[in-house]
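Engineer: Below you'll find the structure I mean.
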Amino acid sequence: NTGNLGCIDCAEGTFALKDRTSCDVCAAGTYPDNDISECLDCPSGQYTPFSMDECLDCSGGFATGVDIAATTCTACDAGTYSE
């Protein structure tokens, strides 16, 4: 029982379950919020390709292709742009 030895940090891209007995992985397109013990969708213009602690910005010239919970950020096609 590790409870009496001290608390263990959850690994990157994971969050503590509500009962604080273990950690769970967030899906791509989401990030962990340990304050509420769940994963939240990445906001518009950001993405996570795999379990990560925070969403990455999708910069100019690239697009996520979805409003929220993006898992990719790809280059704009020829003749198109993003700011």
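So the sequence shown is residues 436 to 518, counted in our numbering. In this text, a Cβ means the ideal position worked out from N, Cα and C, and glycines have one as well. Remember, predicted model here, so these are calculated numbers, not experimental data.
Could you tell me the distance, in whole angstroms, from the CA atom of residue 448 to the CA atom of residue 478?
Structural biologist: Here the question's residue 448 lines up with position 13 in the sequence shown. Here the question's residue 478 lines up with position 43 in the sequence shown. Distance between the alpha carbons of residue 448 and residue 478 is about 16 Å.
Engineer: With distance defined between alpha-carbon atoms, name the residue in 464, 444, 462 nearest to residue 455.
Structural biologist: Start at 1 with the first residue of the sequence shown, and residue 455 comes out as number 20. That would be 444, whose Cα lies nearest to the Cα of residue 455.
Engineer: Leaving out five residues on either side along the sequence, give the residues of the same chain with a beta carbon under 6 Å from the beta carbon of residue 486.
Structural biologist: As a first step, residue 486 is located in the sequence shown; it is residue number 51 there, counting from the start. So the list reads 448, 460, 461, once near-sequence residues are dropped.
Engineer: Report the partner residues of residue 473 according to the DSSP bridge assignment.
Structural biologist: If you number the sequence shown from 1, residue 473 lands on position 38. Residue 473 is bridged to 468.
Engineer: Mapping DSSP to helix, strand and coil, what is residue 440?
Structural biologist: The residue labelled residue 440 in the question sits at position 5 within the sequence shown. Coil, per DSSP.
Engineer: Excluding the 5 residues preceding and the 5 following residue 495 in the sequence, name in chain order all residues of the same chain whose CB lies nearer than 7 Å to its CB.
Structural biologist: Indexing the sequence shown from 1 puts residue 495 at position 60. Excluding sequence neighbours, residue 495 sits near 517, 518.
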